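Peer 1:
In my numbering, the protein residues as written are 569 to 714.
Structure (structure tokens):
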């Protein structure tokens, strides 16, 4: 007689404290990426997360640049400080990025690979208006790739 397994998942979502979320609308202009990085650095410093500033700046630069170059507006950047630091970049395209290893002669194509090295986890979530590329970084002092 075959056995059947059953799983019951119970989740109790809790609202995030507004002081743990930062959100910026980012114009689809590559010149605005530097201002977004500076805003992220200020917020991480306010949160006492100086140890992840460098990696997060690189992640934000790559994700925003890709959203501007390939995604289209509106573009939004969001940081969520919880058990881990989540970085989300929303854009208006439904096209998912591809992780690839660039050849030594390629001038581009390393951005998402770099993001994957700096983050503990990353992925894509589709929305009604486009997609979200998200990363998660540990806040226990052990930053991957560094």
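Ideal Cβ positions, reconstructed from N, Cα and C, are used throughout, including at glycine.
The structure presented is a predicted model; accordingly, all values stated were derived computationally and were not measured.
Between 649, 702, 635, 634, which lies nearest to residue 618 when the distance is taken from Cα to Cα?
Peer 2: Residue 618 sits at position 50 when you count from the first residue of the chain shown. Among 649, 702, 635, 634, the Cα nearest to that of residue 618 is on 649.
Peer 1: Can you find at least 3 beta carbon pairs, one from the region 638-657 and one from the region 590-598, that sit closer than 8 Å?
Peer 2: The answer is yes - the region 590-598 touches the region 638-657, with three or more Cβ pairs under 8 Å.
Peer 1: Quick check on this structure: which residue in 615, 596, 595 has the alpha carbon closest to the alpha carbon of residue 715?
Peer 2: Only positions 569 to 714 of the chain appear in the structure, and residue 715 is not among them; the question remains open.
Peer 1: If you draw a straight line from the alpha carbon of residue 703 to that of residue 632, how long is it in whole angstroms?
Peer 2: Position 135 of the chain shown holds residue 703. Position 64 of the chain shown holds residue 632. Cα to Cα, residue 703 sits roughly 13 Å from residue 632.
Peer 1: DSSP three-state label for residue 633, please.
Peer 2: Walking along the chain shown from the start, residue 633 turns up at place 65. Looking at residue 633 - three-state DSSP - the assignment turns out to be helix.
Peer 1: Using a Cβ-Cβ cutoff of less than 8 Å, which residues in the same chain neighbour residue 674 once the five nearest sequence positions on both sides are dropped?
Peer 2: Within the chain shown, the letter at position 106 stands for residue 674. Because residue 674 carries a pLDDT of 49, less than 50, the predicted location of this residue cannot be relied on, and no value is offered for it.
Peer 1: What's the C-alpha gap between residue 653 and residue 604?
Peer 2: Residue mapping note: residue 653 aligns to position 85 of the chain shown, counting from 1. Residue mapping note: residue 604 aligns to position 36 of the chain shown, counting from 1. Rounded to the nearest angstrom, the two C-alpha atoms are 17 Å apart.
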